[in-house]
């Protein structure tokens, strides 16, 4: 049976030069489009594809090429506007093998179209069980051979009968991933560079009316002395603000790189098409009336993004403030804000258009300066992810400030941020909720989880906009501290003590303040600052200069700059209560490295320093990949999952609830219930897991399940999830469900005394009084059984489990497949109090060793694991190893919607998993940031 049209293969992509294209499967309706494409090909391109001249395609050939089954014969095309510009295909030639060929229109060769099509075709091939491509290439076709070799896959070649046969192993490798990531980075960075450094700008919808949106943008462009030509576009007037106007963008004689669109929302789509025909590279849509107005506006907004991308344009907005670039070679102010800060080293991204004006004014008042600014508005296309790619390449940007209201692709955002934060600090304010106009879904995680995931990526998340700028100005002009030890130099004893108290509250380590007295002058401040900077016991210095009467302010400032000039330690000040970059504390006429930031109060300076110390500590840690786990068997785990999902598609299980795959009933939540003594590490090698009986599904089985029709949930017994965990070197403490006192005694005899009797079920762990510990004989088991029946009724389901050794600390480890972030691992203590207080930490899978260690220490109850408050020190290293293994399982298997290990006892010698439950289902599509590159 012919497979249905695979709509999930469609994608908007960014090409190597920053333009965009649309990739989709070919259809029979593309016959005329294919003929037109073929007519534009050069003789050389045709010769390389068909090994000989072929002036035109016959109707039979056109039908063959456009009619495919999307399984054994697959073809993808790239379109720009309504035209096909490239096609790539494979035809299955044998088990796991397909022959690949492609053609790119001559006018679009060198834009990276073929490489992005190959990425997408490889993903579709893996989904259909194709493990390798073969291609016969003429020796002169160096371009195609280079493309195949540079894709990063394992490539082999042989020569026979005048052609080169190349074989491409499609198994993703570290190199192929790096190649894809690098191409994505360069393409998206260039797409933003074309917006922020245009050679010319058209303002469409400009008017003569002062205060109008178009008129304001035009005036601001001219006032900033933009380095290129500015073209007002108005259908009726001849000139505007002394500049010649044009009736349409198409009437402009010269090239237009950027168009600012300020027409009513109903006319924007038509303007987009005109700009595409003109060859405009990008749009800034300041017009409102889109997603923020309701369902009709959201449809208009989606159409705007779709058409713009299809025609090769990137879009900032709609409903945005605009963009700015302070580079002297550009001098772009395409915003509605009359005040744009001067040149600086901070890149600033804001989603809110209304808030953007106030933010720019705040930056200017502080004297900070910016390198570039983008207000994304409703974020239909260009997002913070694109700006991170650009700023990573921009040498003028050293610090990044983000005001976020939504995240379009959170998993990609954290991936990019984690890489970029290693070289450039990122400070972010994330507001609660998602505005209705944004092209993004709710994140589905508590705010504490988002903070944890940001922390894992090295982001500096602050609470408000004041902190955003407080931290930003310190990072922009001073070096990072090597540690938390703070020297305090002050001319006020009271302010010095306040600063010291603030340091202690922030987890910093202040030295006793050096109080110079109210009349201290430049010499005294210089000597004290030099002494503190020279001290090996100081990592940063806060200077407080608050003279009771006007003094030698400029001299003191000059001395502070002189002494700190060559220091590798940060210096920050409360200088006369000034907030921002005090003119006397600047290095150069505009702020540059070595300028000393000032804060209105010492507590604010210390608060900013606290964030920076924490970031510096993260950045100092080595960036390591997840550890290798040689004793795991992901292939067997995939086979188990796919067998269970296959059984579900043929069963009649209800589809309206999640399937619970449970190895054991939940253990009790109280501390005494989970207390067990020192236990050996409860892990098992993957080889110990018995085969499931299902046939092996191949190395690419997990990819295939991504896009299967969502089936019913799977309910399996204890053995299934235990076997799944065993594939990752984890085993579950045995338990048996019993239905009578006699069965309980028999089970206890089989498992070994002493035992635990407990209430089975997922909710039992969240209730007290559901477990009886240390039952040493038949009488105690019968008595406990009778108590549970009296408490919960005759139908209560109970379980017997051998008593785990004690002492130990109960914990809970969970994995959730989040639609926005992908697999998220959570950790917390298993006691009732910890559960009630939601004392949990979160990390994205897969986990590095550092991630696991940080996750364990992120919860407030972590001291109990390290021998504090009367608890014994336990095997935290074994717990961290378990977290790494669980994270690997979650990363490998997107079908695992939820996995909960409740409880995990951490003893002196290792960990024991008392119970495990899993929910599995067929994913509706690829993970966010999974598969070949595409625009979100």
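In this note's numbering, the protein residues as written are 57 to 992. Where is the CB? At the ideal position from N, CA and C, for every residue including glycine. Predicted, not measured: the structure shown is a model, and the values here were computed from it.
For the stretch 525 to 536 against the stretch 624 to 643, are there 3 or more C-beta pairs whose distance is under 8 Å?
yes
Figure out for me which residue from 431, 235, 236, 161 has the closest Cα to the Cα of residue 379.
431
Residue of 310, 466, 265 minimising C-alpha distance to residue 295
265
Quick one: is residue 63 buried, meaning 16 or more other Cβ sit within 10 Å of its Cβ, or exposed?
Exposed, because fewer than 16 other Cβ atoms sit within 10 Å of the Cβ of residue 63.
Does residue 486 come out as helix, strand or coil in the three-state DSSP assignment?
strand
The stretch 845 to 855 touching the stretch 805 to 814, judged by at least three CB pairs closer than 8 Å
yes
How should residue 106 be labelled, buried or exposed, when 16 other C-beta atoms within 10 angstroms of its C-beta is the threshold for buried?
exposed
Segment limits, alpha helix (DSSP H) that includes residue 413
409 to 422
Quick one: which unbroken alpha helix (DSSP H) runs of 4-plus residues sit fully inside the stretch 515 to 561? Chain order, please.
521 to 533, 549 to 561
Residue(s) in a DSSP beta bridge with residue 601
631
When DSSP builds the beta bridges, which residues end up paired with residue 975?
954
Between the alpha carbons of residue 849 and residue 925, how many angstroms are there, rounded?
38 Å
For residue 744, which three-state DSSP category applies?
Any answer about residue 744 is weak, because its pLDDT of 34 lies below 50 and its placement is not dependable; what the coordinates show is given next. Of the three classes helix, strand and coil, the one that applies to residue 744 here is helix, per DSSP.
If contacts are defined as beta-carbon pairs under 8 Å, then residue 967 and residue 931 qualify, I think. What distance do you get, rounded to the angstrom?
7 Å
From residue 240 to residue 800, what does the alpha carbon distance come to, in whole angstroms?
60 Å
Below 8 Å between beta carbons: does that hold for residue 514 and residue 474?
yes
Is DSSP giving residue 792 helix, strand or coil here?
strand
Is the beta carbon of residue 262 closer than 8 Å to that of residue 274?
yes
Mapping the DSSP letters down to three states, classify residue 591 as helix, strand or coil.
coil
C-alpha gap between residue 358 and residue 364, whole angstroms
10 Å
Beta-carbon separation of residue 535 and residue 624 under 8 Å?
yes
Please confirm if the stretch 282 to 292 is in contact with the stretch 336 to 354, defined as three or more CB-CB distances below 8 Å between the two stretches.
no
Identify every run of the beta strand (DSSP E) within the stretch 243 to 305, keeping only runs that are complete inside it and at least 3 residues long; order them along the chain.
257 to 260, 286 to 289
Only counting the same chain, and skipping five residues up and downstream in sequence, which positions put a Cβ closer than 6 Å to that of residue 992?
464, 465
Spatial distance of residue 145 from residue 86 (CA atoms)
14 Å
Where the alpha helix (DSSP H) through residue 95 begins and ends:
First-last of the alpha helix (DSSP H) with residue 95: 87 to 95.
Which of the three DSSP states, helix, strand or coil, is assigned to residue 471?
helix
Minimum C-alpha distance to residue 110 - residue among 123, 96, 122:
For the residues 123, 96, 122, the minimum Cα distance to residue 110 belongs to 96.
Look at the Cβ atom of residue 156, then the Cβ atom of residue 170, and state whether they are nearer than 8 Å.
no
Reference residue 76, options 781, 173, 84, 895, closest by Cα
173
Residues in its own chain within less than 6 Å of residue 289 by CB, not counting five upstream and five downstream?
Excluding residues within five positions, the ones whose Cβ falls inside 6 Å are 258, 260, 302, 305.
Less than 8 Å between the beta carbons of residue 864 and residue 962, yes or no?
yes
Mind pulling the beta strand (DSSP E) runs of 3 or more residues that sit fully within the stretch 850 to 881?
For secondary structure counted as the beta strand (DSSP E) over 3 or more consecutive residues, the stretch 850 to 881 holds these complete runs in sequence order: 854 to 858, 864 to 874.
Can residue 522 and residue 484 be called in contact, C-beta distance under 8 Å?
Result no, Cβ atoms of residue 522 and residue 484 do not sit closer than 8 Å.
Mark residue 470 as exposed unless 16 or more other C-beta atoms lie within 10 angstroms of its C-beta, in which case mark it buried.
buried
Residue 881 versus 297, 944, 645, 835, residue with shortest Cα-Cα distance
944
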